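Right, one structure below, let's go through it.
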Amino acid sequence: MKKRRKTGFESFAQTFLIITTVIFVFGIIMVKSVESSYNRTIQKLQNEINTVESDIDSLQMQKQELVSFNRVAEVTTSKGYTYQNDATASTAGVQE
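Per the working numbering, the sequence shown runs over residues 20 to 115.
Structure follows, in structure tokens:
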């Protein structure tokens, strides 16, 4: 059998195909690597957000405990003051 000689276009097409395939494979690997890196960063940020939200909830509960009427009365009494809860509305002096 005679070995057929490649034309210039066939050599170019074969080289182009090989180079394109190599670039495609490396491109896919790079995109997957970047995506994995972003996913790790996102997961880390979500964990930090959850921690901060938990801290905020805890501080909100502590704040509610500190501003409760019982706590205010306790602090005023311990400081030597008297505390009266005038939370009830008075209708004295209102004309109908």
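C-beta: ideal position from N, C-alpha, C; glycine also.
The structure presented is a predicted model; accordingly, all values stated were derived computationally and were not measured.
Inset, instruction - Ignore the nearest five residues each way along the sequence and tell me which others in S77's own chain have a CB closer than 7 Å to its CB. - result: Sequence index remark: in the sequence shown, residue 77 carries index 58 (1-based). Nothing listed; no residue qualifies.
Inset, instruction - Could you give the DSSP three-state label for Y57: helix, strand or coil? - result: Position 38 of the sequence shown, counted from the start, is the residue given in the question as residue 57. Helix, per DSSP.
Inset, instruction - Please say whether Q33 and K25 have beta carbons closer to each other than 9 Å? - result: Position 6 of the sequence shown, counting from 1, holds the residue named residue 25. Position 14 of the sequence shown, counting from 1, holds the residue named residue 33. In contact: K25 and Q33 (Cβ atoms closer than 9 Å).
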